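Undergrad: Would you mind keeping the following structure in view while I ask a few things?
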Amino acid sequence: LAALVVSVHAHAANCPALPSLITQPCLIAADGSYRLSNSIDGTNVPANANSLKIVIEIAQGVTQAEIDCYNYRIESNDPAWAAFGVGVGGVYNANVVVKNCHFGGSGMLRCVSIDNSGANWAYQNVRLEGNTCNSTSMGFYVLSRGFKSINNYLADIGGHVSCGRSFGILFGGADAEIRQNKIRRVWHRCVGEIVGIGISHNAPNFVVADNEIENDGFYKENYAYSMGVWYGNDSWGTYSGNKVSGWKHGYLAGYPPIQPSTLAGTSLISDVIIPLEGFNGPEWTVTP
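The working numbering applies: residue 9 is where the sequence shown begins, and numbers increase by one.
Right under this line is the structure:
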């Protein structure tokens, strides 16, 4: 009973804005800048209505939140393969920055999860920079206009007990920039779908550039849907300078773009069975 009271109390507390520092799992209830003073374990955070256990939750309607972990860890350590931890998460949030965080733990389902899609993109601008991530399903899951993922390191993503999909980065929404990230090994306990960078839907004017997207050769040989980069519907944009290796598919376009799009840097694709699939239509310009 005492442990239950402590865990509920910890999650119910509002996060203090600067100059005060965050010391435990909490809720960002107001616009402001926030910083950690120590590493945080959200194992005992209670689950929300969607079964997610969010360590630092951003309340719906917050329109400015900068979270600097100052190189401390955000962890969720429930039993492996059976947990639903989220490092930083929210719905309908704008102008969110998450930087210098190290996400991990056996129960970390997603390192960052922000969903602004149901509000017709009225909430926008999410920037993730200088973070590291280890999770059991997805590294970053962001549906928002103006999403930027810059210089993050995501490694050993996947392995959750459910037989769905594992993504390093999955995004949707206009004007995304995915630059200079490193993704190392995405896998799954089942022979399911594994993707380094995935464009979910409705992502016009994206830029995916200068990322290193590597995987284990085992998944190249044994997974039918092992994809370094996967392209969804109702989108268009630019790929350039990405190093893609160790996948069955280097790039796979599931749909034609709604406007002319480009893929440059095919010479940087290596150690894959199918370098390109679905990029031979007139909507795509493909160069070495």
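We treat Cβ as the ideally placed atom computed from N, Cα and C, and that holds for glycine.
Keep in mind the model is a prediction, meaning the values are calculated, not measured.
(1) For the beta strand (DSSP E) holding A211, just list the boundary residues, first then last.
(2) Classify F226: buried if its beta carbon has 16 or more other beta carbons within 10 angstroms, exposed otherwise.
(3) Kindly confirm or deny that the stretch 159-177 and the stretch 124-134 touch, where touching means at least three C-beta pairs closer than 8 Å.
(4) How is T270 classed by DSSP in three states: helix, strand or coil?
(5) Find the nearest neighbour of A184 within the set C198, G166, R193 and V216, judged by alpha-carbon distance.
(6) Please state whether DSSP places G113 in a helix, a strand or coil.
(7) List the endpoints of the continuous beta strand (DSSP E) containing K107.
(8) Buried or exposed for D279, going by 16 or more other Cβ atoms inside 10 Å?
(9) Go through the stretch 110-167 residue by residue and report every complete run of the beta strand (DSSP E) that reaches 3 residues or more, in order.
(10) V53 and I75 look like a contact to me (Cβ under 8 Å); what is the Cβ gap, rounded to whole Å?
(11) Of all the beta strand (DSSP E) runs that stay within the bounds of the stretch 220-263, which reach a length of 3 or more residues?
(12) Give the secondary structure of A11 by DSSP, where H, G and I count as helix, E and B as strand, and everything else as coil.
(13) Apply the 10 Å Cβ neighbour rule to L12 and answer buried if 16 or more other Cβ atoms are within range, or exposed otherwise.
(14) Quick check on the burial criterion: 16 or more other C-beta atoms within 10 angstroms. Buried or exposed for Q68?
(15) Give the single residue among I205, G181, N124 and S114 whose Cα lies nearest to the Cα of T71.
(16) Let's test the definition: count the other Cβ atoms within 10 Å of the Cβ of I266 and tell me whether it reaches 16, buried, or not, exposed.
(17) Where do the N-terminal and C-terminal ends of the beta strand (DSSP E) with I186 fall, by residue?
(18) Out of K251, R81, L271 and I221, which one is the CA nearest neighbour of I30?
(19) Alpha carbon to alpha carbon, how far is E65 from V14? Give it in angstroms, no decimals.
(20) Please check if any C-beta of chain D sits within less than 8 Å of the C-beta of I165.
(21) Which word fits N46, buried or exposed, when buried means at least 16 other C-beta atoms lie within 10 angstroms of its C-beta?
(22) Secondary structure at S59, three-state DSSP: helix, strand or coil?
(23) Between which two residues does the beta strand (DSSP E) holding A73 run?
TA: For this structure:
(1) Counting from 1 along the sequence shown, the entry for residue 211 is found at position 203. Per DSSP, A211 lies in no beta strand (DSSP E) and is assigned neither H nor E.
(2) As a working note, residue 226 is residue 218 in the sequence shown. Exposed: under 16 other Cβ atoms inside 10 Å.
(3) In this structure the stretch 159-177 does not touch the stretch 124-134; the number of beta carbon pairs closer than 8 Å is below three.
(4) For the purposes of this step, residue 270 is taken as the residue at position 262 of the sequence shown. DSSP places T270 in strand when its eight states are reduced to three.
(5) Here residue 184 refers to the residue found at position 176 of the sequence shown. When each option's Cα is compared against that of A184, the closest is V216.
(6) Against the sequence shown, residue 113 aligns to sequence position 105. Of the three classes helix, strand and coil, the one that applies to G113 here is coil, per DSSP.
(7) Residue numbering aside, residue 107 sits at position 99 when the sequence shown is read from its first letter. Judged by DSSP secondary structure, K107 falls within the beta strand (DSSP E) whose first and last residues are V104 to K107.
(8) The count along the sequence shown starts at 1 and reaches residue 279 at position 271. D279 comes out exposed.
(9) If one requires a minimum length of 3 residues, the beta strand (DSSP E) runs lying completely within the stretch 110-167 are 110-112, 116-123, 132-137, 146-151, 153-158 and 161-166, in chain order.
(10) Against the sequence shown, residue 53 aligns to sequence position 45. Against the sequence shown, residue 75 aligns to sequence position 67. Incorrect: roughly 16 Å between the Cβ atoms, too far for contact.
(11) You should have 220-222, 234-241, 244-248, 251-253 and 257-261.
(12) The sequence position of residue 11 within the sequence shown is 3, counting from 1. With a pLDDT of 30 at A11, under the threshold of 50, the modelled position of that residue is not reliable, and no figure is offered here.
(13) In the sequence shown, residue 12 corresponds to position 4, counting from 1. Note on L12: pLDDT 26, under 50, position unreliable in the model; no value is reported.
(14) Counting from 1 along the sequence shown, the entry for residue 68 is found at position 60. By the neighbour-count rule (16 or more Cβ atoms within 10 Å), Q68 is not buried but exposed.
(15) The residue you call residue 71 lines up with position 63 of the sequence shown. The shortest C-alpha separation from T71 is found at N124.
(16) Residue 266 sits at position 258 when you count from the first residue of the sequence shown. It is exposed - the Cβ of I266 has fewer than 16 other Cβ atoms within 10 Å.
(17) Sequence index remark: in the sequence shown, residue 186 carries index 178 (1-based). Note, I186: beta strand (DSSP E), E185 to R187.
(18) Position 22 of the sequence shown, counted from the first residue, corresponds to residue 30. Checked all of K251, R81, L271 and I221; the closest Cα to I30 is R81.
(19) Position 6 of the sequence shown holds residue 14. Position 57 of the sequence shown holds residue 65. Confidence is the limiting factor: at V14 the pLDDT is only 31, short of 50, which leaves the residue's position unreliable, though a coordinate-based value still follows. In this structure, the alpha-carbon of V14 lies about 17 Å from that of E65.
(20) Looking at the structure shown, chain D is missing, and only one protein chain is on hand.
(21) Numbered from 1 along the sequence shown, position 38 holds the residue referred to as residue 46. With fewer than 16 other Cβ atoms from the protein chains shown falling within 10 Å of its own Cβ, N46 counts as exposed.
(22) Here residue 59 is taken as the residue at index 51 of the sequence shown, counted from 1. Here S59 sits in coil by DSSP.
(23) Indexing the sequence shown from 1 puts residue 73 at position 65. Taken as a continuous stretch (DSSP letters only), the beta strand (DSSP E) holding A73 covers A73 to D76.
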